[in-house]
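Under the working numbering, the letters of the sequence shown match residues 2 to 131, in that order. Worksheet: one structure, shown below.
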Amino acid sequence: MKEPLPIFEANTIFFDIDDTITTYTGVSTGETFLSTFIRVVAEANGLSLEAARRKTYAAFDPETDSMGSHCAPLGITEQALWDAVMQWLPREIAALPEATKTVKHLHAAGYRLFPATTNSSLVCRMKLSI
């Protein structure tokens with residue numbers, strides 16, 4: 002006979018984003034967060050895409066560092082990046098209906114909810130806004 006699981010109390014819940022709260026729709030627009038960032042940098046600074054890529058990589062490593070904190074130094078706003086990403090992201094990901102209901106229920110019940118993800122803060126907020 003298995004022993005029952007211990008009962009515990011919690012007021013904080015951590016959750017993953019990708020394939021837990023959101024899922025990929027199977028539609029690919031060919032865009033990525035990085036390609037969009039570079040395009041927005043190019044447009045804001047009057048640069049070619051290649052020059053904007055070099056400028057971006059000279060400022061930081063977008064593969065390991067959050068893009069959000071590097072918007073202003075590269076002449077763009079988080080809002081401009083957000084607007085550009087929202088042109089394609091809603092076609093590529095969707096919120097899982099059960100997850101949406103669960104998160105709303107847990108929030109209403111007073112639980113503190115935090116994402117536990119490798120997504121940056123800005124990308125996390127973008128995905129959760131879908």
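Just so it is clear, CB atoms sit at the ideal spot from N, CA and C, and this is done for glycine as well.
Answer with buried or exposed for residue i, where buried requires no fewer than 16 other C-beta atoms within 10 angstroms of its C-beta.
i: I77; result: buried
i: T30; result: exposed
i: A43; result: buried
Cα-Cα, which of the options is closest to residue i?
i: T37; options: G27, A109 and A53; result: A53
i: V41; options: S130, D84, V28 and V124; result: D84
i: L82; options: M127, E4 and V28; result: M127
i: R55; options: A95, L75, S122 and T65; result: L75
i: T21; options: H108, Y112, T103 and G111; result: T103
i: N120; options: A100, P5, D66 and W89; result: D66
i: A110; options: S70, N12, V28 and A45; result: N12
I'd like to check one pair, residue j with residue i: are the Cβ atoms closer than 9 Å?
i: E32; j: E93; result: yes
i: T23; j: L97; result: yes
i: K35; j: M68; result: It should be pointed out that residue 35 corresponds to Leu in this sequence rather than to Lys. Result yes, Cβ atoms of L35 and M68 sit closer than 9 Å.
i: E79; j: L123; result: yes
So, do the stretch 4 to 19 and the stretch 110 to 127 have three or more beta carbon pairs nearer to each other than 8 Å? yes
Whole runs of the beta strand (DSSP E) within the stretch 38 to 112, excluding any shorter than 3 residues: 94 to 96
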